[in-house]
Amino acid sequence: MQFLEIDALTGYSAALDALTEGQRAALVEIVFCFRLGVLSATAVFSDVETLREVTGQVPDEIEFAVTWRYGVDLESLSHGQRARFYVDGHDPEHVLLGFTYSPVGVLEEWKRYRRDPDCKQRLLIDRFDATGEAKSIGEVERAGGPDLWKGPLDLPEKAKQAGLHVIYLAKETKDQSYLRIFQS
Amino acid sequence: MAVMVSGALSLSSIATEFGGDAELPLSAFYRGAGRVPAAGAPNLRIPANGTISFSAFRGGALTAVVDCEIIGGGGGGGHGVGDGTASGRAISGGATAITSAGKQLVSAAGGLGGLNGQAPRSGNNGEGTAYGPGGIGGNVNAAGSSAPNSSYGAGGGGGGGDNPSTYDSSGAGGFGGSAGTRRAGSIQVVYGAVLTISIGAGGPGSNAGYRGGDGAAGYARLTWDEKAASFTASGSVVVD
Numbered sequence: 300m301q302f303l304e305i306d307a308l309t310g311y312s313a314a315l316d317a318l319t320e321g322q323r324a325a326l327v328e329i330v331f332c333f334r335l336g337v338l339s340a341t342a343v344f345s346d347v348e349t350l351r352e353v354t355g356q357v358p359d360e361i362e363f364a365v366t367w368r369y370g371v372d373l374e375s376l377s378h379g380q381r382a383r384f385y386v387d388g389h390d391p392e393h394v395l396l397g398f399t400y401s402p403v404g405v406l407e408e409w410k411r412y413r414r415d416p417d418c419k420q421r422l423l424i425d426r427f428d429a430t431g432e433a434k435s436i437g438e439v440e441r442a443g444g445p446d447l448w449k450g451p452l453d454l455p456e457k458a459k460q461a462g463l464h465v466i467y468l469a470k471e472t473k474d475q476s477y478l479r480i481f482q483s
Numbered sequence: 002m003a004v005m006v007s008g009a010l011s012l013s014s015i016a017t018e019f020g021g022d023a024e025l026p027l028s029a030f031y032r033g034a035g036r037v038p039a040a041g042a043p044n045l046r047i048p049a050n051g052t053i054s055f056s057a058f059r060g061g062a063l064t065a066v067v068d069c070e071i072i073g074g075g076g077g078g079g080h081g082v083g084d085g086t087a088s089g090r091a092i093s094g095g096a097t098a099i100t101s102a103g104k105q106l107v108s109a110a111g112g113l114g115g116l117n118g119q120a121p122r123s124g125n126n127g128e129g130t131a132y133g134p135g136g137i138g139g140n141v142n143a144a145g146s147s148a149p150n151s152s153y154g155a156g157g158g159g160g161g162g163d164n165p166s167t168y169d170s171s172g173a174g175g176f177g178g179s180a181g182t183r184r185a186g187s188i189q190v191v192y193g194a195v196l197t198i199s200i201g202a203g204g205p206g207s208n209a210g211y212r213g214g215d216g217a218a219g220y221a222r223l224t225w226d227e228k229a230a231s232f233t234a235s236g237s238v239v240v241d
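Here the protein sequences come in this chain order: A and B.
For the first sequence, the numbering used here begins at 300 and goes up steadily by one.
For the second sequence, the numbering used here begins at 2 and goes up steadily by one.
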């Protein structure tokens, strides 16, 4: 599944806009994050080679993951930032796995997004340090209506006008909201 | 082929129809005495004893031509899934068959079960037949419908899939079941024979995720002379 109307989303993330034509063609979805007033874009590809082309190098946890989606927070790749990568969960209960690396490429933290068995629209996020020691369990992120999105209000509108599908998500206890955008 | 109804009639033509040879006396062809079947409308004028004449054999016949219309059971619908795709397929419908004295005379295969989790988001409809539509495919997050009972041999609807709700993938729907094979033709059976009709069951829908609908059972209709018998469940009939 490719984005046919990705041009509609230009102007919101310099890193996203900087992707080559081939990299843009390989996108399967984009997740915008509005975290503490800052907008960032996670590019999601269906192949690790495109991811490598974008990131330069791919950590082992990502390289060898059993996944059909490879995501990277493009803004987190900037010099001095902690890089954030995402892959699919390893079993049906876990939707997603996220990995955060230090500026020198050392794994600092990983998290898993668990399905809430009682609510299809909720995810429970468990965080672990590099050794697998739990740091927090069950942080809630939920999907819902447009009011969850605290970033640029025209962004989801432009996506929908371009025929893209939008899912709104937000952390329950943090000022973080997300827009998952993909081809309908 | 029945004994001729007009023109000159010989003992050999009677023997050709019912068995034996022209050396036999006419009394060897009493109805129900071994050569001429006791049953069958064309044979009712042939006496079982007493006076017997050549003319009584006009139109008499050893066998009946039974016109058959049969269809196997419809395949079950495949199930839909919440995320991604699935493998395998629902159970196929059973075959409908007509047998006599343990020998299968004709059969019609059941329809193939629908594939699980391979269709677009909504489940596909089951395949319909000459008797009616298949089961309706399920919408997103819904089971597929079973084929109506009167839609003999029709496939069950595929179960629906799922839209992404958080960061999960979309789920594929199930394919509908295929219709059973329908056959129409004729068979020849000796008057008085018992025909056993085995009606193929509809394949059950795949019972996982968003369930597929059940296929409809098969059907059989037999007609001979001016008689008819219909079967929506297994049974038997005497061709008399």
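Note that CB positions come from ideal geometry on N, CA and C, so glycine has one too.
Query raised in the report: Do the region 421-429 of chain A and the region 452-462 of chain A make contact, defined as three or more Cβ pairs closer than 8 Å?
Result: By the C-beta criterion, the region 421-429 of chain A is judged not to be in contact with the region 452-462 of chain A, since fewer than 3 inter-stretch pairs fall below 8 Å.
Query raised in the report: Under the rule that 16 or more other beta-carbon atoms within 10 Å means buried, what is residue 6 of chain B, buried or exposed?
Result: Exposed.
Query raised in the report: What is the residue span of the beta strand (DSSP E) that residue 374 of chain A lies within?
Result: Run containing residue 374 of chain A: none; DSSP gives neither H nor E here.
Query raised in the report: Are there 16 or more other CB atoms within 10 angstroms of the CB of residue 4 of chain B, so buried, or fewer, so exposed?
Result: When all chains shown are included, residue 4 of chain B counts as buried.
Query raised in the report: Is the CB of residue 170 of chain B under 9 Å away from at least one CB in chain A?
Result: Chain A contact via Cβ: present.
Report task. Could you tell me the boundaries of the alpha helix (DSSP H) in which residue 236 of chain B lies? Result -> Careful: residue 236 of chain B lies outside any alpha helix (DSSP H), inside the beta strand (DSSP E) at 236-239.
Query raised in the report: Can you tell which of B/54, B/202, B/198 and B/204 has the C-alpha that lies nearest to the C-alpha of residue 230 of chain B?
Result: The residue with the shortest Cα to Cα distance from residue 230 of chain B is B/198.
Requested in this report: Please determine, among A/336, A/433, A/404 and A/445, the residue with the shortest C-alpha to C-alpha distance to residue 383 of chain A.
Outcome: Comparing Cα positions, the closest option is A/404.
Query raised in the report: Are any of the Cβ atoms in chain A nearer than 9 Å to that of residue 84 of chain B?
Result: With 9 Å as the cut-off, residue 84 of chain B counts as an interface residue toward chain A.
Query - residue 197 of chain B in three-state terms, based on DSSP - result: Note: residue 197 of chain B maps to strand in three-state DSSP.
Query raised in the report: At a CB-CB cut-off below 8 Å, which residues of chain B make contact with residue 442 of chain A?
Result: The contacting residues are 166 and 167.
Requested in this report: List in chain order: all unbroken alpha helix (DSSP H) runs of 4+ residues lying wholly within the region 159-186 of chain B.
Outcome: As summarised for the region 159-186 of chain B, there are no continuous alpha helix (DSSP H) elements at least 4 residues long confined to that stretch.
Query raised in the report: Just the Cα atoms here: how many angstroms apart are residue 494 of chain A and residue 187 of chain B?
Result: Residue numbering for chain A in the displayed model covers 300 to 483; residue 494 of chain A lies beyond these limits and cannot be assessed.
Query - Short CB-CB distance (under 9 Å) between residue 356 of chain A and chain B - result: Not closer than 9 Å to any Cβ of chain B, the Cβ of residue 356 of chain A fails to qualify, so no.
Report task. Confirm, please, whether the CB-CB distance from residue 312 of chain A to residue 350 of chain A is below 9 Å. Result -> With a cutoff of 9 Å on beta-carbon distance, residue 350 of chain A and residue 312 of chain A are scored as not near each other.
**Report entry** Interface partners of residue 420 of chain A on chain B, CB under 9 Å
**Finding:** Under the 9 Å cutoff, chain B gives 166 and 167.
Query raised in the report: Can you round the beta-carbon distance between residue 154 of chain B and residue 220 of chain B to whole angstroms, since I take them to be within the 8 Å contact cut?
Result: Yes, residue 154 of chain B and residue 220 of chain B are in contact; Cβ-Cβ is about 6 Å, under 8 Å.
Query - C-alpha distance - residue 300 of chain A paired with residue 324 of chain A, whole-angstrom precision - result: Bear in mind that a pLDDT of 49 at residue 300 of chain A, under 50, signals an unreliable position, so the number given afterwards is only what the model happens to contain. Straight across, the Cα-Cα distance linking residue 300 of chain A with residue 324 of chain A is about 9 Å.
Report task. Spell out whether any CB of chain B is found under 9 Å from the CB atom of residue 387 of chain A. Result -> Judged by the 9 Å Cβ criterion, residue 387 of chain A is in contact with chain B.
Query raised in the report: Taking the Cβ atom as the reference point for each residue, do residue 343 of chain A and residue 362 of chain A lie within a distance shorter than 9 Å?
Result: No. Outside cutoff.
Query raised in the report: With 9 Å set as the bound, which would you pick, yes or no: does the beta-carbon of residue 481 of chain A sit closer than that to a beta-carbon of chain B?
Result: Closer than 9 Å: yes.
Requested in this report: Taking 9 Å as the cut-off, decide whether the C-beta atoms of residue 135 of chain B and residue 62 of chain B are in contact.
Outcome: Cβ atoms of residue 135 of chain B and residue 62 of chain B: not closer than 9 Å.
Query - residue 112 of chain B vs residue 126 of chain B beta-carbon contact at 9 Å - result: Residue 112 of chain B places its beta carbon 9 Å or farther from that of residue 126 of chain B.
Query - Helix, strand or coil at residue 335 of chain A according to DSSP, with G and I counted as helix - result: When DSSP states are grouped into helix, strand and coil, residue 335 of chain A belongs to the coil group.
Query raised in the report: Is any beta-carbon of chain B found at less than 9 Å from that of residue 414 of chain A?
Result: Against chain B, the CB of residue 414 of chain A has a partner CB under 9 Å away; the residue lies at that interface.
Query - Separation of residue 208 of chain B from residue 267 of chain A, as counted between CA atoms - result: Outside the displayed span of chain A (300 to 483) sits residue 267 of chain A, for which this structure offers no information.
Requested in this report: Give me the Cα-Cα distance between residue 478 of chain A and residue 170 of chain B, rounded to the nearest whole angstrom.
Outcome: Between residue 478 of chain A and residue 170 of chain B, the C-alpha separation is close to 15 Å.
Report task. Assuming residue 31 of chain B and residue 44 of chain B form a contact by the criterion Cβ under 8 Å, report the distance between their Cβ atoms to the nearest whole angstrom. Result -> About 11 Å separates the beta carbon of residue 31 of chain B from that of residue 44 of chain B, a gap too long to meet the 8 Å contact definition.
Query raised in the report: Do the CB positions of residue 157 of chain B and residue 85 of chain B come within less than 9 Å of each other?
Result: Against a cut-off of 9 Å, the Cβ pair of residue 85 of chain B and residue 157 of chain B comes out as no contact.
Query raised in the report: What are the start and end residues of the beta strand (DSSP E) that includes residue 475 of chain A?
Result: Unbroken beta strand (DSSP E) run through residue 475 of chain A: 475-482.
Query raised in the report: For residue 121 of chain B, is the classification buried or exposed, using 16 other Cβ atoms within 10 angstroms of its Cβ as the cut-off for buried?
Result: The residue in question, residue 121 of chain B, is exposed, as its Cβ has fewer than 16 Cβ neighbours within 10 Å.
Query - For residue 393 of chain A, the residue or residues it bridges with in DSSP - result: Its beta-bridge partners are A/413.
**Report entry** Closer than 7 Å at the beta carbon, the chain B residues around residue 371 of chain A
**Finding:** Those within 7 Å of residue 371 of chain A in chain B number zero; the least Cβ separation is about 15 Å.
Requested in this report: For the beta strand (DSSP E) containing residue 130 of chain B, list its first residue and its last residue.
Outcome: Boundaries for residue 130 of chain B: no beta strand (DSSP E) harbours it, and the DSSP string shows neither H nor E there.
Query raised in the report: What did DSSP end up calling residue 459 of chain A once you bin it into helix, strand or coil?
Result: Taken through DSSP and simplified to helix, strand or coil, residue 459 of chain A comes out as helix.
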